[in-house]
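Undergrad:
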Amino acid sequence: MKLWKGATFAFVLCAAALSTFLIRNMASIREFRVQAKHPRASSSSEPSPKSSSISSTEPRVLPWQTEDLRRKTRSTGNNMNSLLSEFSVMLQSFTEGELQHVLETLLDRKRRRDQSLGMTQTRRTKRAHKSRPCSLRKLELTVTELGLGFESDETIQLQYCSGQCDKKKLNYDLVMKHMVEKGILGRGRKNRVSKEPCCRPTKFEKSLGYYGNKTHNIISNVSAKSCGCV
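Just so you know, the UniProt record's numbering puts 70 at position 70 of the sequence shown, and the rest follows in order with no gaps.
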């Protein structure tokens, strides 16, 4: 780990130095180009012949300015190559064993990160698929959508029961499950039994009223009032 920290610190220092060097050189070159395009006022205030002022009013880039720009550009390229060479030499100074250790450390960290992400995703999936316990739910729908043959577009609020009852299993449910799995009860519709409790209403609302066919109608035992595992 010490080797990895040292190598990381060296890489960061080299990258920072390279970035600083490039920024400074690019800034100096950009400044020089601006000066070459727009010379100082002191130089423009010097007297000049009338013929030259009449023939051209725009500033010119002098030969010595162009040569200076070329030298700075060439110097920037040489310094960059030198810095890259030093960085390459530093990398080559690592032995094969040290480089192998660094690579193994990187791969180990990647594996642990992938495993952590995979476990997190698995936990999220389990939580998403985990059903809620038996409880009362609410749903808005029309009277026609009840499927009882009543025709009306009036919207009502239906209460129903839904959820799991795994924690509510009794000895009866365990016995029925064992008998079904072992085939003791035999097969066929006559011997079909429920081997686990079901989430159902334990109480119903007194009535559910709606207006249809110009009359007021009442439907009983439709909307649940409370739920339980039975």
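All residues carry an ideal CB built from backbone N, CA and C; glycine is no exception.
#1: Closer than 8 Å is the cut-off here; do at least three beta carbon pairs connect the segment 145-164 with the segment 195-211?
#2: Return the residue from the list 147, 156, 151 that minimises the CA-CA distance to residue 139.
#3: Distance check for residue 154 and residue 210, CA to CA, integer angstroms please.
#4: Can you tell me the Cα-Cα spacing of residue 205 and residue 142, whole angstroms?
#5: Among 152, 136, 219, 100, which one has its Cα closest to the Cα of residue 228?
#6: Is the distance from the Cβ of residue 221 to the Cβ of residue 150 below 8 Å?
#7: Would you kindly report the start and end of the unbroken alpha helix (DSSP H) that includes residue 171?
#8: Please name the residue, chosen from 173, 106, 208, 111, that lies closest to residue 193 on a Cα-to-Cα basis.
#9: Count the other CB atoms, across all protein chains shown, that sit within 10 Å of the CB of residue 185; report buried if there are 16 or more and exposed otherwise.
#10: Nearest CA to the CA of residue 214: which residue from 82, 152, 134, 116?
TA: Taking the geometry as given:
#1: Three or more Cβ pairs closer than 8 Å define a contact, and the segment 145-164 meets that threshold against the segment 195-211.
#2: Checked all of 147, 156, 151; the closest Cα to residue 139 is 156.
#3: 7 Å
#4: In a straight line, the C-alpha of residue 205 is about 18 Å away from that of residue 142.
#5: 136
#6: no
#7: 171-182
#8: 173
#9: Residue 185 is exposed by the Cβ-count criterion.
#10: 152
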